[in-house]
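What follows is one structure encoded as structure tokens, with my remarks underneath.
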Amino acid sequence: MGSDETNYRLWASWMGKEKTFQIKSLVNEHNCCRVFKFGSIVTYRWIGKHFMSQIIENPKMSARKMKAKVSTTFNINVKSGSTVRLDVDIMPDSTTLFSKFYVCFKAVRDGWLEGCRPVIGLDGCFLKGIVRGEVISAVGRDANNHIYPLAWAVVCVENKETWKWFIDLLMDDINGGLGAGITLLSDGHKGLLQAVKE
1 MGSDETNYRL
11 WASWMGKEKT
21 FQIKSLVNEH
31 NCCRVFKFGS
41 IVTYRWIGKH
51 FMSQIIENPK
61 MSARKMKAKV
71 STTFNINVKS
81 GSTVRLDVDI
91 MPDSTTLFSK
101 FYVCFKAVRD
111 GWLEGCRPVI
121 GLDGCFLKGI
131 VRGEVISAVG
141 RDANNHIYPL
151 AWAVVCVENK
161 ETWKWFIDLL
171 MDDINGGLGA
181 GITLLSDGHK
191 GLLQAVKE
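For the sequence shown, full-length UniProt numbering gives the first residue as 1, with consecutive numbering after it.
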């Protein structure tokens, strides 16, 4: 292992009995500089830090607008696909209170679309401890008949409004339209049943 641009060299041999590699020789001289990928620096925290004032001024800014702002300001291509939605309530004194939070990762969604049955289980559970609220989730079944987590949200209360919000975001993510061809399973929560009917 090594490079033409550096003196760094590593020679190793496979040790069959131990089933591992043994390092035979090492020249540990580095005279090259590290290559940074700017994209790895740009995380949600970095974006939040640099755009905090704009987010506070416009808390309902869409992901599309945020992506465009990051792209034009820093000439960075922000990859999209995963959906993360955070809703807050703005109080009269300009403080913000948590309302609800939704997550559906692109890789998980793509895996469900490519390899899972069109069956989605919906359920909610209480959060206990310091943080109160409920986690509501959507899970599927994979080809091996195992549970496949698809999306989840943290909400203040499980009711018709939060279930409708969750199902609308989920159907947008999986291109489910009005739900034709998709089977939903649930525990029959009253708010969930009303949200599905709508």
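Just so it is clear, CB atoms sit at the ideal spot from N, CA and C, and this is done for glycine as well.
Burial state of residue 33 (16 or more Cβ within 10 Å): Unreliable placement is indicated for residue 33, whose pLDDT of 49 sits below 50; the coordinate value is still reported in the next sentence. Residue 33 is exposed by the Cβ-count criterion.
Return the CA-CA distance between residue 163 and residue 125, expressed in angstroms with no decimal places. 13 Å
Am I right that residue 173 and residue 104 are in contact with their C-beta atoms under 8 Å? What's the rounded C-beta distance? 5 Å
I'd like to confirm the pairing. Which residues does DSSP put opposite residue 22 in its beta bridges? 13
So residue 118 and residue 88 are supposed to be a Cβ contact under 8 Å. How far apart are they, rounded? Not really, about 33 Å apart at Cβ, beyond 8 Å.
Collapsed DSSP secondary structure at residue 64 in the structure displayed: helix
Less than 8 Å between the CB atoms is what I'm expecting for residue 158 and residue 121, so what's the real figure, rounded? Going by Cβ atoms, the distance from residue 158 to residue 121 rounds to 15 Å, so no, they are not a contact pair.
Can you tell me which of 151, 70, 177 and 95 puts its alpha carbon nearest to the alpha carbon of residue 199? Shown here, the chain extends from 1 to 198; a query on residue 199 therefore has no answer.
Taking 7 Å as the limit between beta carbons, can you name the residues of its chain near residue 91, skipping five residues before and five after? 97
Exposure label - residue 185; buried when at least 16 CB within 10 Å: exposed
Of the residues 155, 146 and 148, which one's Cα is nearest the Cα of residue 132? 155
Check the Cβ-Cβ distances between residue 146 and every residue of chain B, and say whether any is below 9 Å. The structure shown contains no chain B, having only a single protein chain.
From the DSSP secondary-structure annotation, give me the bridge partner or partners of residue 154. 101 and 135
Counted within 10 angstroms of its Cβ, other Cβ atoms place residue 109 as buried (16 or more) or exposed: buried
What do you get for residue 37, buried or exposed, if any count of 16 or more other CB atoms within 10 angstroms of its CB means buried? Residue confidence for residue 37 is low, a pLDDT of 49 falling below 50, so the modelled location carries little weight and cannot support an answer.
Minimum C-alpha distance to residue 146 - residue among 168, 112, 176 and 167: 112
Within a Cβ cutoff of 6 Å, which residues of the same chain sit near residue 183, ignoring the five residues on either side of it in sequence? 119
Out of 72, 71, 70 and 61, which one is the CA nearest neighbour of residue 85? 61
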